[in-house]
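Using our numbering, read the sequence shown as starting at 1386 and increasing by one per residue. All C-beta atoms, glycine included, are put in the ideal place defined by N, C-alpha and C.
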Amino acid sequence: MTNRKFLFIVFSCFVIFASCSKSQDLDLTEIDQLSQDNTDSLIQKTQTKPWTGGQYVDGKRGGTWNDSIINDPKTFNQLIGERDGQSSAIISYTLDYLVDYDPTLRKWQPRIASYKIETNEENNTLIVHYEIRSDAYWSYFNKEEKIPVTSDDFVFWYNEIAGDPELGSSDYGQQWVTLENGEAAHIDCVKIDDKHFDFIFPRIVAEPLLATNMSLCPSFIFKPAKEKGGIDGVKDLFSIDTDPKEIPSCGMWYITEYVPAQRLVFERNPNYWQKDKNGVSIPYYDKLICQIIGDQNTDYLLFTQGKTESYSPRPEEYDDLINNQKEDYTVFNAEGSMGASMWSFNQNPVNKDQPYYKWFTKKEFRQAMSCIFNRDRVASQTYRGFAQAKYDFFPEANPFYNPDISLKYRFDPDQAQELLKKAGFTKKEGFYYDQDGNKLEFDLTIASSNSVLNDLGQIVVDEAAKIGVTINIRQIDFQKIVEMLTATYDWQSVFIGLGANLFPSQGSNVWPSQGNLHMWYPCQESPATEWEARVDYLYNEGCYTNDYDKAKVYWDEYQQILLEECPVIYLMRSRSFFAIRNKWNLSNVYYDNKNGAMLEHVYIN
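Laid out in structure tokens, this is it:
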């Protein structure tokens, strides 16, 4: 990968200098224009096809979709899988959600259940009534038995799994709302009958479907396991050694084979409720084979060899992938992503004896770090011009996005040094030291599998060194990073991505101070700072205010505080590309920055 990047830079310089030999020297504006011309040229060679709503074309069954994943799953247990993104994604193939939100149409759509919202303004209460589809079933691969999905599959999970604090589910905190008097009150989930259940809110909230949307579990397996074995009984279910054919599915797929470090195999579920006009269950292809490959270099190699069906390239692969489409595959493009990775600093008092704790808890230090992040350099060097800085807190798709609210602390080394001096640092022989004589030096942790973030990290290291700050890159396994953020807290600073907030109230376990993924200092019994207390208040009031204009006042101030205090520093919004083989009919393929690659209805030519 390093050699490929070096060649790209050398080639770019050669083109520029060759041009200079025939005419006058190019200035920076002209160089930027050449880069923009190359960017425009590549985009013109790709397809633009965002989802706009409407009907899918009826397809035909058949074919095998060959795919890849980087790492092995750690478990097939839905609860344990919450802490491992790879495992959770695999398990989700066998499950389904109550409802789904279309960010393009800005509408909620029923999935495995329909819904009705009942609001009582006089009592300030709200109930969401759910009715499960009559054609939703649990079934096993190659078995005729079909077990109806019932209310128990949701109510038991909500109350006895996610709602049991001893089981440590990340969804536990989302079951509570804050009343006007500041007390916490529970959102109750109540069974009405086998197909109907309710969520009862102790006060009106702005987005009740967001607060209640959840996947289900096979309660006929989990409930007896908990009754017999308690917490251990639940956690012992569906370990990685389980024969995957023993795992029931109510989703699109069965897991039928797992060979560690080699492959996962899925077979389509013919009993899945979602069907086309001809009564054929989605998806159309019969089998999904995921090779377990270990790194993205191998992933790209497999695609170029024709052994996988689709690929999302890294920036250093854009030129090669787009310019070599031929007749084999088509590349789609999407505008800048809705989300962005972020840089955060550990402010957990378990580390209060460490010098970095005193540094990280000063907002001037965090602001200074934002001022050494050279976003223009990153856009050009890492993303080849296909990215822009993320200065806002909410993405444009969020209803409370405000273009007038943006980050003030942009790349400015001089301002960074002024902020460091304000935070109590002094410069000696080219390096900064704190008031206790400790050299300003700390670690930046990055997932070892993410080459793009590693590039960003190297740029940050270089820019920091120019003003006398030493940053050391630590590349470790992503799962270890999750463990450090949620359990051991033994990290210093980190690059991490958490997705996009299409709703302001998303991330209830991240932004409020009591959240178990309140990254810089999780699970606070009470807000550690005045500004966090204010953010908690604004978050709660915004969540419970239905009037848009009134809610906007809360969410505007909320964004302003987080962009001023810099507990996280957003990095870049990158344009993205997606390639898919032309052996698949592209009529039902859509790709955009809100939905990603939409492939559920793809079928073979």
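Spatial neighbours of Leu1480 in its chain, beta-carbon cut-off 6 Å, leaving aside the 5 residues before and after
Ser1600 and Gly1636
message: Taking only three categories from DSSP, how would you classify Gln1494?
response: strand
- Burial state of Lys1747 (16 or more Cβ within 10 Å): buried
Per DSSP, cross-strand counterpart(s) of Met1957
Ala1774
Apart from the five residues on each side of it in sequence, which residues of its chain come closer than 7 Å, Cβ to Cβ, to Tyr1818?
Phe1810, Thr1811, Lys1824 and Leu1825
**Message:** With three or more beta-carbon pairs closer than 8 Å as the criterion, would you say the stretch 1539 to 1552 touches the stretch 1654 to 1667?
**Reply:** no
| message | Give me the residue from Ile1858, Arg1760, Ser1473 and Val1854 with the minimum Cα distance to Gly1815. | response | Val1854
Per DSSP, what are the beta-bridge partners of Asp1485 in this structure? Gln1494
Worksheet entry | Three-state secondary structure assigned by DSSP to Lys1824 | strand
Between the C-alpha atoms of Glu1985 and Trp1436, what's the straight-line distance to the nearest angstrom?
13 Å
Exposure of Ile1497, with buried meaning 16 or more beta-carbon neighbours within 10 Å
buried
Practice task
Pick out whichever of Gly1618, Asp1704 and His1581 has its Cα sitting closest to the Cα of Leu1464.
Solution key: Gly1618
Pairs of beta-carbons, one from the stretch 1746 to 1762 and one from the stretch 1845 to 1860, closer than 8 Å: are there three or more? yes
- Give the DSSP-derived three-state secondary structure of Gln1676 in the structure shown. strand
List the DSSP bridge partners of Pro1533. Tyr1522
> Roughly how many angstroms lie between the CA atoms of Lys1430 and Arg1966, to the nearest whole one?
Replying inline: 16 Å
*Please confirm whether Phe1717 and Phe1962 have their CB atoms less than 8 Å apart.*
yes
Quick one, are the C-beta atoms of Asp1761 and Phe1730 less than 8 Å apart?
no
| message | On a Cα-Cα basis, can you pick out the residue from Asn1925, Gly1448, Gln1440 and Gly1900 that is closest to Asn1990? | response | Gly1448
Inter-residue spacing [alpha-carbon to alpha-carbon] between Glu1506 and Ser1499
23 Å
Next on the checklist: Using CA atoms only, rank isn't needed, just tell me which of Met1904, Ser1890 and Pro1458 is closest to Val1953.
Outcome noted: Met1904
TODO: Just mark Tyr1696 as buried or exposed, buried being the case when its beta carbon has 16 or more other beta carbons within 10 Å.
DONE: buried
Kindly provide the ranges of any beta strand (DSSP E) runs that are 3 or more residues long and lie completely inside the stretch 1728 to 1797, ordered along the chain.
1772 to 1774
Q.
With H, G and I counted as helix, E and B as strand and the rest as coil, what does DSSP make of Gly1615?
A. helix
| query | Which class does Asp1342 belong to by DSSP, given the choice of helix, strand or coil? | reply | Past the boundaries of the shown model lies residue 1342; the chain is included only from 1386 to 1990, so the question cannot be answered.
CB contact flag (Phe1584, Thr1597, <8 Å) = yes
Is it a yes or a no for the stretch 1555 to 1571 touching the stretch 1888 to 1897, going by three-plus beta-carbon pairs under 8 Å?
yes
Which residues does DSSP pair with Ser1634 in a beta bridge? Ser1524
- Item | Straight-line Cα distance separating Asn1973 from Asn1451 | 18 Å
So, using beta-carbon positions, are Val1837 and Arg1699 closer together than 8 Å?
-> yes
Cutting at 6 Å between CB atoms, please list the residues of its own chain near Asn1839, excluding the five before and the five after it.
Ile1831
For Thr1433, which of Met1983, Tyr1976 and Tyr1988 has the nearest alpha-carbon? Tyr1976
* Asked: Would you call the stretch 1910 to 1917 and the stretch 1875 to 1885 touching, i.e. three or more CB-CB distances under 8 Å?
  -> no
> Grouping DSSP H, G and I as helix and E and B as strand, with all else coil, what is Ser1499?
Replying inline: strand
Task: Residue span of the alpha helix (DSSP H) that contains Lys1711, given as start and end - done: Careful: Lys1711 lies outside any alpha helix (DSSP H) and carries neither H nor E.
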